[in-house]
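Residue numbers (this note's numbering): 41 to 373.
As structure tokens, the structure follows; a few thoughts come after it.
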Amino acid sequence: MKAEILTLLRERSDYVSGQELCGRFGVSRTAVWKAINQLKKEGYPIEAVQNRGYRLCEETEEVYSLSGLASRLQTEWVGRPVRFYEELGSTNIQAKAEAENGAASGTLIVTDHQTAGRGRRGRSWSSPAGANIYFTLILRPEFGPDRASMLTLLMALAVADGIEKTLAADEREGEPVKIKWPNDIVVNGKKICGILTEMSVERDYIQHVVIGVGINVKRQEFPPEIASTATCLEEACGVRLSRCTLIADILESFERDYEEFCRQGDLSTLRERYDALLVNRDREVCVLDAAGEYRGTARGINNAGELLVETADGEIREIYAGEVSVRGIYGYA
Ligand code: BTN
Numbered sequence: 041m042k043a044e045i046l047t048l049l050r051e052r053s054d055y056v057s058g059q060e061l062c063g064r065f066g067v068s069r070t071a072v073w074k075a076i077n078q079l080k081k082e083g084y085p086i087e088a089v090q091n092r093g094y095r096l097c098e099e100t101e102e103v104y105s106l107s108g109l110a111s112r113l114q115t116e117w118v119g120r121p122v123r124f125y126e127e128l129g130s131t132n133i134q135a136k137a138e139a140e141n142g143a144a145s146g147t148l149i150v151t152d153h154q155t156a157g158r159g160r161r162g163r164s165w166s167s168p169a170g171a172n173i174y175f176t177l178i179l180r181p182e183f184g185p186d187r188a189s190m191l192t193l194l195m196a197l198a199v200a201d202g203i204e205k206t207l208a209a210d211e212r213e214g215e216p217v218k219i220k221w222p223n224d225i226v227v228n229g230k231k232i233c234g235i236l237t238e239m240s241v242e243r244d245y246i247q248h249v250v251i252g253v254g255i256n257v258k259r260q261e262f263p264p265e266i267a268s269t270a271t272c273l274e275e276a277c278g279v280r281l282s283r284c285t286l287i288a289d290i291l292e293s294f295e296r297d298y299e300e301f302c303r304q305g306d307l308s309t310l311r312e313r314y315d316a317l318l319v320n321r322d323r324e325v326c327v328l329d330a331a332g333e334y335r336g337t338a339r340g341i342n343n344a345g346e347l348l349v350e351t352a353d354g355e356i357r358e359i360y361a362g363e364v365s366v367r368g369i370y371g372y373a
């Protein structure tokens, strides 16, 4: 009920009477009073005036909490339920444990601080408190494991869309948000988001997939090994934004695209949007695979999410995400 009260107060931006809240949620005045007090304790600037009711004052500092997230979510099933932890080792590890314990498809694990954040290829993921977004979504798809890698691309698309939407809502403009295939989000040639998808398979059947997303939001000092290639949204786009709103926007976009993906069975109807966001499109890239290194021009993705790279002799190679690393020829992007 706390999240619903918050949503209502935010929508109304004027006083809402205790009586109306009681009627709407079918609870006593004491229950409403208790919920309001808890929200105040969490840090929400709620004003209570006799005979008028409750009003949410301007939210100058964002409260990053379960109520904050739940009050912004507008999805049907993605992010339902959402679980918020002040601190975790890694949201992916937590999500896998919860999935093993039967958590439903759509369950979202969010934390403010990871003490053992994990990146791709066994790397760590810098995860300080109070600065960034770290979440993992649990899915139980009905398609086979061969399609799971495409989920990472879907999430990249959702993150790029979500950022654009959050910025557009406040009429903020910034550097364009791009995707570095398969799953990094970059602004101004620097990385602001990474995605780590992990899957549990039994025979030929997906038990669950967890998609972990880390987004650098506030200004921070990055570890030396990534200092030259990483940036954050505040710096790259020159804005302060609500982490809760951004997560809600990303999930809304993901839910819509995931359902479309399931209907089509591939990325055919989403590919054009993905390609339009591709940072390397029609640019020379350097591909590193098991056999060595070669150069070519990135032409976009195919319906299976493989990167199409045209080599000097005109051959189009289809690159599967698991096998390679692709770099811009002048650096990371
Ligand atoms: C990458 O190396 O680019 C992937 C980084 C993924 C980081 C996110 S943060 C939330 C989730 N939990 C983790 O431990 N990792 C992912």
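Glycine is no exception: its CB is placed at the ideal position from the N, C-alpha and C atoms.
List the endpoints of the continuous beta strand (DSSP E) containing methionine 239.
230-242
Spatial neighbours of cysteine 284 within its chain, please: C-beta separation below 7 Å, excluding the five flanking residues on both sides.
Glu102, Tyr104, Gly108, Leu109, Arg112
Cβ-heavy atom distance between tryptophan 165 and the ligand BTN below 7 Å?
yes
Quick check on leucine 22: does DSSP put it in helix, strand or coil?
No information on residue 22 is available, as it lies outside the stretch 41 to 373 that the chain covers here.
Using the C-alpha atoms, what's the distance from leucine 61 back to leucine 96?
14 Å
For a test of the three-state rule: what should DSSP assign to cysteine 326, helix, strand or coil?
strand
Whole runs of the alpha helix (DSSP H) within the region 109-148, excluding any shorter than 4 residues
131-140
Roughly how many angstroms lie between the CA atoms of glycine 83 and glycine 170, to the nearest whole one?
14 Å
Is it the case that the Cβ atoms of valine 122 and valine 150 are separated by a distance below 8 Å?
yes
Return helix, strand or coil for tyrosine 298, following the three-state DSSP convention.
helix
Could you give the residue range of the alpha helix (DSSP H) that holds threonine 337?
Segment 332-341 is the beta strand (DSSP E) holding threonine 337; no alpha helix (DSSP H) there.
Output yes or no for whether 8 Å exceeds the beta carbon distance between leucine 281 and threonine 206.
yes
Report yes if the CB atom of valine 327 is closer than 8 Å to the CB atom of tryptophan 221, and no otherwise.
no
Say whether the region 174-182 touches the region 263-281, bearing in mind that this needs 3 or more beta-carbon pairs closer than 8 Å, one atom from each stretch.
no
For glycine 15, count neighbouring C-beta atoms within 10 Å of its own C-beta (all shown protein chains included) and say buried if the count is 16 or more, exposed if not.
In this structure the chain extends from 41 to 373, so residue 15 is not present and cannot be described.
Could you round the C-beta distance between serine 145 and glycine 202 to whole angstroms and report it? I think they count as a contact, below 8 Å.
Actually they are not in contact, since the Cβ atoms of serine 145 and glycine 202 sit about 20 Å apart, beyond 8 Å.
I'd like the span of the beta strand (DSSP E) that includes serine 365, first residue to last.
365-368
Near glutamine 78, which residues of its chain fall below 7 Å by C-beta distance, leaving aside the five closest residues on each side in sequence?
Lys42
Nearest to alanine 200 (by Cα), restricted to the options Ile76, Arg321, Asp244, Leu291:
Leu291
Taking Cβ positions, are leucine 177 and leucine 197 nearer each other than 8 Å?
no
From the DSSP output, in three-state form, read off arginine 187 for me.
helix
So for serine 107, helix, strand or coil by DSSP?
helix
Could you check whether threonine 131 and tyrosine 94 sit closer than 8 Å to each other, using their CB atoms as the reference points?
no
Is threonine 131 a contact residue of the ligand BTN, with contact defined as CB to any heavy atom under 7 Å?
yes
Considering only heavy atoms of the ligand BTN, does any lie closer than 7 Å to the CB of tyrosine 174?
yes
State yes or no: is the C-beta of threonine 192 within less than 8 Å of the C-beta of asparagine 228?
no
Hey, how far is the Cα of arginine 163 from the Cα of arginine 259?
22 Å
Thinking just about the alpha-carbon of each residue, which of Asn172, Asp322, Gly66 is nearest to the one in glycine 368?
Asp322
Does the region 225-245 come close enough to the region 342-356 that 3 or more CB-CB pairs lie under 8 Å?
no
Where DSSP assigns a beta bridge to alanine 361, which residues make up the other side?
Its beta-bridge partners do not exist; DSSP assigns none.
Output the distance between the C-alpha atoms of glutamate 140 and glutamate 324, rounded to the nearest integer angstrom.
43 Å
Pull up the distance between the alpha-carbon of leucine 318 and that of isoleucine 219, whole angstroms please.
5 Å
Glutamine 114 versus Leu49, Glu44, Pro168, Ile225, residue with shortest Cα-Cα distance:
Glu44
Using only alpha-carbon positions, find the residue among Ala352, Thr47, Cys233, Arg357 that is nearest to glutamate 99.
Thr47
Is the beta carbon of isoleucine 219 within less than 7 Å of some heavy atom of the ligand BTN?
no
Give me the DSSP bridge partner(s) of isoleucine 290.
Bridge partners of isoleucine 290: none, in fact.
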